[in-house]
Every structure is written in C-alpha cells, then in structure tokens.
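A quick write-up on the structure given underneath.
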Ligand SMILES: [Zn+2]
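Below, the structure written as structure tokens:
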C-alpha cells in the first residue's frame, strides 16, 4: 500500500487512530497533516482543477467526461461543491479571483434555472 500526504506528498506517515466510521487515519510525519485512508478511487487534484476550468469555460459535464476521462457525475459534484464552499465562506481578498468565481456562479446559476437538458 502506498500512501502519500495530500499536502506535501511525503510518504512518511504513522497511524493516527481510527475514525468513527472505521477508517484508518494517518498523520504525515513531515508536516503533521492528518487524513483518512479512503477506499474509493482517488482523482488527483490536477484532473479536478482541469475539469473545473473546462466547466468554467462553458464546456458541458459530458464533454469534460470525454476529454478529461472522469464521469460527468464527478464533474458536477465538484462544481456543486465549489459553489457551496464559496457561498459558505467567501474567499479571502484576492479580488482577481473573485471576478472569475462570480462568472462561474452566474454560469452555474443559469444552468440550474433552465429545466430539462437542452442541446446546449
Ligand atoms: Zn505532509
């Protein structure tokens, strides 16, 4: 089993107890980050960022599925999570990024308002 720290990619870690769901928890020896050892497949953050960037460009989730190779359900889940996260806690004063996020919000909003799945 190969484990890597999601923050610093170190492979040096020790066990850090069991979560209440029965998953092994690990702590990175290098940076102290703790994380779970989940069984479901992982998609690296680069792939996720690429999918989100394409979505923000106006590409449909199903098109992203073909281009990036992840399911459109994953793509839509990430988009929803991004929006929810930003809605809960607005990003710090990085104003350039706020503009981009606003554009994505309005894009996601217009998709939601449309009923059914149009041909785009
Ligand atoms: Zn680490």
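In my numbering, the protein residues as written are 426 to 545. Just so you know, even glycine gets a beta-carbon here, dropped at the ideal spot from N, CA and C.
Item                                                                                                                      : Value
Mind checking whether the beta-carbon of residue 432 lies closer than 7 Å to any heavy atom of ligand 1?                  : yes
When you measure from the CB of residue 435 to every non-hydrogen atom of ligand 1, does any distance come out below 7 Å? : yes
Beta-carbon separation of residue 458 and residue 432 under 8 Å?                                                          : yes
Roughly how many angstroms separate the alpha carbons of residue 500 and residue 509, rounded to a whole number?          : 14 Å
Using DSSP with H/G/I as helix, E/B as strand and the rest coil, what is residue 520?                                     : Reliability of the predicted coordinates at residue 520 is poor, the pLDDT of 44 falling under 50, and the value obtained from them is presented with this limitation in mind. Note: residue 520 maps to helix in three-state DSSP.
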